[in-house]
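Structure record follows, encoded as C-alpha cells.
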Amino acid sequence: MQWFRRAKDISREVKEEFELTSKSLAERTERVPEDKPTELAKIFNCPMSLSKVAYQLELDGVMRAEKALELLLWEYNRRKQIGSPVVPVLSYEFDFAVKEGRWIEYLYSDLFREIQKTRELYNLEKVIEGEHSIPVEKVMHILSEREKLANNYLVPVIKKWKKTHEASTNNDVAITLCAAVLKTSHSEAIIALQQAKRRLIRILRKFSEAFELSTDKSIFDSDTVFKQPSLIGKKLSEEVASPLEKIYVLIDELEKSLQAMTEYAIAEIILEITPKPIAVEPTVGVSDYLIVTPPILRDGMVGPDLKEPCDFLERDLVFAKRRVIAVKENFLRERIRKVHKALQNKGQGIEESAAWILHKISQDFSLTPMSTENALKFIKKELENKEGDLNELVEKIITDYLWDKIVLPIQLEEKEA
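Everything in the sequence shown is counted per this note's numbering, starting at 11 for the first residue and increasing by one.
Structure below.
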C-alpha cells in the first residue's frame, strides 16, 4: 500500500489543515461549559484555557481530558524551561492551548492512523524474518520502502512540529511523536526510543553484511546509487551514495544522541517504533484476533471459516449462550473489543468499523438487514450527548445491541427447548 505523498505536498497540506482545524477547535472550545474545566484547572493548578481545550479534546473523542491536559502542560512547562514562558494573559494562554491542542489532536488521531498503514513494509520485513542469509534484492526493497515512508511523510511532520514549537530540538520532537504513536507517557517514550535505536542499528548491520558478502558487485555501480536528502545535512545535489554507504551513514547517525541526530534518522526510529499491523493468516490454524476453534454450523452447513474478524464474533455470539449473565460486560464485551480493534488496524475508523460489525452480523444471523450507512447512522445517534472514550462508547453500543438482538433470544430458545 503506497500511502506516502510528496514532501512538498504534505507540507502544504499540513499547513492548510492546521489553519482550518485550529480555527474550528478554537470555536468549539469557546462554547465549552466551564464546570468540568474549572474542576480540572483546580486539580492541575493550571490556566483555565488549557483545561477548556483539554476538555474539548475529550468531547471530540481524542482522549481523556486529564491525559490531554498533561500533554498541554508538558509543552507549557517546556516553554518555561527554555526561558520563553507563555504570557500569563488570557488571550495568549488561549492561543497557546488551541495551537498545542490541535497538534495533540493531529498526532493522536490523524498521524496515529496514518503511521499504522505500513502493511507493505511489514510484509517485506516478515519475509526475511529468521533468515540468516538475506538476499541483497530484498534488503534494497526494504530500504527503499523505509526511505519513502520516513523521508516523504514523517520528515515533513517533524520539521513542521519543530517550526511551530519555539526552541524545540530533535529530542523534543522524537519524544512527542513516539508518545503519540505508542499512546504512552513521555518517560516511557524515552525508553522506547533508546530500545528502537539499538534494534534498528542491529537490523542495519545485518543488512550491511548482506551487501558485504554479496558477490554481485554491480550493486555498487553508478546505476544503483540514488539520492538521499536529509541524512547528513548536505544539499540534494551533493548527496549521492550507494545503498551500502547509506546504511553506514544512517548507523553513524543512530549512534549519536537524539539531540544530535538528523531529522531523517529520527523519522527512521519512529518508523521502527510503529506497532506492526496484525497479520492475517490464510489458514484456520492461526489467528491474531481470537482463539481459533473449529467452524460453527449455520443452517446445517459449515459456517464461517474464521478468516475475518467478524467470523470470530459470529462464533462467540453462539457460544455466549453457555455463559452466565456477566457475559454482557465480560465475555461478549472482550470479544467485541478485539474484533473492533482488528478492523481499525486494517484501516477503518472507530465508528466505521463498528458499523461494519453491525452490518455483517445482521447478515450472518438473518436479522433485519442493516446497511453500513444505516449502521453508521445508528452508531452516531447512540453517541449523541455521551461523553468518554470513543472506543469504549462504541463497543458498549455494539454489546448492548447484539445482546438484545442475538444473545438474549438464543438463551430464551434454549430455555424453551
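Virtual Cβ for every residue (Gly too), placed ideally from N, Cα, C.
Model, not experiment: these values are computed from the prediction.
Is it buried or exposed, residue i, if we count other Cβ atoms within 10 angstroms and call 16 or more buried?
| i | result |
| --- | --- |
| S59 | buried |
| I53 | exposed |
| I335 | Only weak support is given to the placement of I335: the predicted model assigns it a pLDDT of 49, under 50, and the question is left unresolved by the model. |
| R212 | exposed |
| G111 | buried |
| A177 | exposed |
| I114 | buried |
| N161 | buried |
| A107 | buried |
| E383 | exposed |
| L35 | buried |
| D298 | Confidence at D298 is low in this model, with a pLDDT of 43, below 50, so its placement is unreliable and the value that follows should be read with caution. Exposed, since its Cβ has fewer than 16 Cβ neighbours within 10 Å. |
| R215 | exposed |
| K396 | exposed |
| T378 | exposed |
| S94 | exposed |
| N87 | exposed |
| L368 | buried |
| L100 | exposed |
| I279 | buried |
| P98 | exposed |
| E198 | exposed |
| Q354 | buried |
| E103 | buried |
| I125 | buried |
| I92 | exposed |
Report all residues from its chain with a CB closer than 7 Å to the CB of residue i; omit the five preceding and five following residues, and keep chain order.
| i | result |
| --- | --- |
| I200 | I185 |
| Q269 | T179, N180, N181 |
| D233 | Legend: pLDDT at D233 = 41, less than 50; position of this residue unreliable, no value from coordinates given. |
| I389 | E361, A364, A365, V404, I407 |
| V183 | I168, W171, K172, I276 |
| L400 | G71, I360 |
| D320 | Before going on, a small fix: residue 320 reads as Cys here, not Asp. Same-chain partners within the cutoff: V349, I367, K370, I371. |
| M73 | L67, Y118 |
| K387 | none |
| T39 | K62, V63, Q66, V108 |
| Q358 | W366 |
Quick one: residues in its chain with C-beta nearer than 8 Å to the C-beta of residue i, no 5 flanking neighbours on either side, listed in chain order?
| i | result |
| --- | --- |
| A202 | C188, L192, T194, I283 |
| E405 | R343, I346, R347, H350, A364 |
| Q83 | A small fix is needed here, since residue 83 is Leu in this sequence, not Gln. F54, C56, L60. |
| E135 | I152 |
| N42 | One detail in the question is off: residue 42 reads as Val in this sequence, not Asn. These residues qualify, in order along the chain: K62, Y65, Q66, L69. |
| I261 | I211, L214, R215, S218 |
| F14 | Note on F14: pLDDT 39, under 50, position unreliable in the model; no value is reported. |
| S381 | H369 |
Please confirm whether residue i and residue j have their CB atoms less than 8 Å apart.
| i | j | result |
| --- | --- | --- |
| V146 | S224 | yes |
| L117 | A206 | no |
| E130 | E155 | yes |
| E273 | V165 | yes |
| L281 | L121 | no |
| Y163 | K286 | no |
| A75 | V149 | no |
| L50 | L79 | yes |
Return the first residue and the last residue of the alpha helix (DSSP H) that residue i is part of.
| i | result |
| --- | --- |
| D45 | 45 to 54 |
| W113 | 100 to 115 |
| D410 | 400 to 412 |
| Y65 | 58 to 69 |
| H369 | 360 to 374 |
| D262 | 253 to 264 |
| T179 | First-last for T179: undefined, no H or E at that position. |
| I389 | 382 to 393 |
| N87 | 75 to 91 |
| K216 | 196 to 222 |
| R156 | 146 to 159 |
| L281 | 273 to 283 |
Which same chain residues, not among the five before or five after residue i, have their C-beta less than 6 Å away from its C-beta?
| i | result |
| --- | --- |
| F236 | Caution is warranted here: a pLDDT of 42 is assigned to F236, below 50, making its placement in the model unreliable, and no coordinate value can be reported. |
| F375 | I416 |
| E85 | E110 |
| K425 | Residue placement at K425 is flagged as unreliable, the pLDDT there being 44, under the threshold of 50; the coordinate-derived value follows with that caveat. Closer than 6 Å at Cβ, skipping near neighbours: no residue. |
| W44 | It is worth fixing the name first, because residue 44 is Glu in this sequence and not Trp. Counting only Cβ-Cβ distances below 6 Å, and skipping sequence neighbours, we find nothing. |
| I144 | I138, A220 |
| R89 | P95, V96 |
Would you verify that the beta carbon of residue i is, or is not, closer than 8 Å to some beta carbon of chain C?
| i | result |
| --- | --- |
| K370 | No chain C appears in the structure shown, which is made up of a single protein chain. |
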